[in-house]
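Residue numbers (our numbering): 244 to 680. Some notes on the structure that comes next.
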Ligand SMILES: Nc1nc2c(ncn2[C@@H]2O[C@H](COP(=O)(O)OP(=O)(O)O)[C@@H](O)[C@H]2O)c(=O)[nH]1
Ligand SMILES: [Mg+2]
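Take a look at the structure:
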């Protein structure tokens, strides 16, 4: 049986919209477009207005714009058609029905268009994963991070490392075949030095892995302090809605209240916590306090709030803590310590001062997202393995074992871009895609 390799899917979201986009990719895509449009002719890359008719009943389904891309000059590398229809559920359903009539085409699997692009060498795996990240991007920094790798920044870096390794490997293999007199002097020492330099570069690169995690998953901010100081009030003010209950009854906030928001293009996960009330005997409140302490430990930035100097606890403060003295509309404090910002959440006094310090701290935690290429945990694992093999290669005296370790090291880097790939890995990567991409 011949496998059907022409695929189709709705590439935009299913639902009511101005326009919906269908993609068809594979050798039969032009023929399908021609049939749907009653024999109209299409030039590659030229968008044309056309009516679309049902291939069985001949009923007019929609008037739309259509474009044909001749492979390999297309996203997938194959002949591809895109239809820009009216974005109505009825139109979408009718076009799905029309496309299903063709025996030489089938519905695409998740991520299959991008998988074709990978298999046809239009994209490598770092670009494929960046496409998925770009589709998921919610903030400006996530967009920049993903776009940088979509454009091949990770590919360039990892390919250049792999090429360096392959060159050294070539020297090793040459010295297996040739006698010492035929080889340039000091070649082994020079190569070992190059390998050591590469290890240092890779190690430095691995240090940026946390930046990508912070950009993708969001920076964690915890608001902590004694009961009734105004933690829930500032939490609500930061997120711009009344999500946490504010009251003058101590112990009102007992569980963690979380919210995610976009601050100056960065994803920030902020948590309001239960007041740290050492005196309580309430079992539930005690549990809440334990959770508050755990949340503070995991936070990248802490906002520690007080409303009296006497209750100020130095031990709560580290480099990542912003200390706020709240309620200055009620009481002013003379000789406020320098590292404490006086504020009134209620009246808004000094709000801008706090906000500037807060956003500066957020930015200082984030590397420029366009410079980070280590965006996936699997790159980090592969690079750590690569370093192990490089260390073994340097130590190894036997030249053929040295070569073998270099080969393994270069395969680890190759697995990042997909120069060496395994079906399992591909299935895992493409299964996270949406339909039509
Ligand atoms: N005067 C004054 N009262 C405030 C201010 N911020 C919060 N409060 C009040 O302090 C009480 C406790 O606030 P809340 O946000 O629930 O404190 P939390 O227990 O730390 O979460 C409430 O009655 C708030 O209205 C402020 O800046 N000035
Ligand atoms: Mg509270």
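Every residue gets a Cβ at the ideal spot worked out from N, C-alpha and C, and that includes glycine. Nothing here was measured: the structure is a model prediction, and the numbers come from that model.
message = Which of the three DSSP states is assigned to residue 307 in this structure?
response = In this structure, residue 307 counts as strand in the three-state DSSP scheme.
request  = Give a single yes or no on whether residue 529 has its beta carbon closer than 6 Å to a heavy atom of ligand 1.
outcome  = Residue 529 Cβ: outside cutoff for every heavy atom of ligand 1.
request  = Please report the residue range of the alpha helix (DSSP H) in which residue 347 lies.
outcome  = According to the DSSP assignment, residue 347 belongs to no alpha helix (DSSP H), since it is labelled neither H nor E.
message = Within a Cβ cutoff of 7 Å, which residues of the same chain sit near residue 652, ignoring the five residues on either side of it in sequence?
response = Only residues of its own chain outside the window of five on either side were considered, and among them 408, 629, 632, 633 and 636 have a CB closer than 7 Å to the CB of residue 652, listed in chain order.
ask   = Are the beta-carbon atoms of residue 513 and residue 588 separated by less than 7 Å?
value = Cβ atoms of residue 513 and residue 588: not closer than 7 Å.
task = Could you say which of 352, 397 and 380 lies nearest to residue 368 if we only look at CA atoms?
result = When each option's Cα is compared against that of residue 368, the closest is 397.
query = Does the count of Cβ pairs from the region 377-396 and the region 426-436 closer than 8 Å reach three?
reply = No contact exists between the region 377-396 and the region 426-436.
key: Residues near residue 501 by beta carbon distance below 6 Å, same chain, minus five either side   = Answer for residue 501: 514, listed in chain order.
ask   = In terms of alpha-carbon separation, which member of 545, 553 and 413 lies closest to residue 562?
value = Just measuring C-alpha positions, the residue of 545, 553 and 413 sitting nearest residue 562 is 545.
query = Is residue 307 buried or exposed, if buried means 16 or more other CB atoms sit within 10 Å of its CB?
reply = It counts as buried.
query = Comparing the C-beta of residue 398 with each C-beta of chain C, is any distance below 7 Å?
reply = No chain C is present in this structure, which holds just one protein chain.
task = May I ask whether a heavy atom of ligand 1 can be found less than 6 Å away from the beta carbon of residue 570?
result = Yes; taking the cut-off as 6 Å, the Cβ of residue 570 has a heavy atom of ligand 1 nearer than that.
query = First and last residue of the alpha helix (DSSP H) that includes residue 476?
reply = Boundaries of the alpha helix (DSSP H) harbouring residue 476: 474-482, taken from the DSSP string.
ask   = How about residue 382 and residue 508: are their beta carbons less than 7 Å apart?
value = Less than 7 Å divides the Cβ of residue 382 from the Cβ of residue 508.
key: Rounded straight-line distance, which links the Cα of residue 324 to that of residue 312   = So the two alpha carbons sit approximately 6 Å from each other.
ask   = Taking C-alpha atoms, which residue in 679, 618, 276 and 270 lies nearest to residue 449?
value = Considering only 679, 618, 276 and 270, the residue with the shortest C-alpha distance to residue 449 is 618.
ask   = Roughly how many angstroms separate the alpha carbons of residue 590 and residue 572, rounded to a whole number?
value = Rounded to whole angstroms, residue 590 to residue 572 spans 7 Å at the Cα level.
request  = Classify residue 431 as helix, strand or coil using the three-state DSSP reduction.
outcome  = It is helical.
Pair within 7 Å by beta-carbon distance, residue 586 and residue 566 = No. Outside cutoff.
query = When the Cβ atoms of the region 638-650 are set against those of the region 595-608, are three or more pairs found closer than 8 Å?
reply = By the Cβ rule, the region 638-650 does not count as touching the region 595-608, because fewer than three pairs are nearer than 8 Å.
ask   = Less than 7 Å separating the beta-carbons of residue 494 and residue 528?
value = Against a cut-off of 7 Å, the Cβ pair of residue 528 and residue 494 comes out as a contact.
key: Proximity to residue 532 [Cα-Cα], best of 516, 541 and 542   = Across the set 516, 541 and 542, the C-alpha of 516 shows the shortest separation from the C-alpha of residue 532.
Residue 328 beta carbon near ligand 2 (any heavy atom closer than 6 Å) = No, Cβ of residue 328 sits at least 6 Å from all heavy atoms of ligand 2.
ask   = Do residue 442 and residue 612 come within 7 Å of each other at the CB atom, strictly closer than that value?
value = Result no, Cβ atoms of residue 612 and residue 442 do not sit closer than 7 Å.
key: Option nearest residue 656 by Cα separation, candidates 559, 290, 399 and 276   = Among 559, 290, 399 and 276, the Cα nearest to that of residue 656 is on 399.
query = ligand 2 heavy atoms versus the CB of residue 496: any closer than 6 Å?
reply = Relative to ligand 2, residue 496 has its C-beta within less than 6 Å of a heavy atom.
message = On a Cα-Cα basis, can you pick out the residue from 610, 379 and 279 that is closest to residue 267?
response = Closest option to residue 267, Cα to Cα, is 279.
key: Three-state secondary structure (DSSP) of residue 497   = Note: residue 497 maps to coil in three-state DSSP.
key: Euclidean distance between Cα positions of residue 488 and residue 676   = A straight line joining the alpha-carbon of residue 488 with that of residue 676 spans about 39 Å.
message = My parser needs the alpha helix (DSSP H) runs of 4 or more residues fully inside the region 526-578; what are they?
response = Counting only runs of 4 or more residues that sit fully inside the region 526-578, the alpha helix (DSSP H) segments are 526-541, in chain order.
inquiry  = Looking at ligand 1, does it come within less than 6 Å of residue 585, judged from the CB to the closest heavy atom?
reply    = Flag unset: Cβ of residue 585 not near ligand 1.
Reduced DSSP category for residue 299 - H, G, I as helix; E, B as strand; rest coil = DSSP places residue 299 in coil when its eight states are reduced to three.
inquiry  = Per the DSSP calculation, residue 253 is bridged to which residue(s)?
reply    = Answer by DSSP bridge pairing, in chain order: 265.
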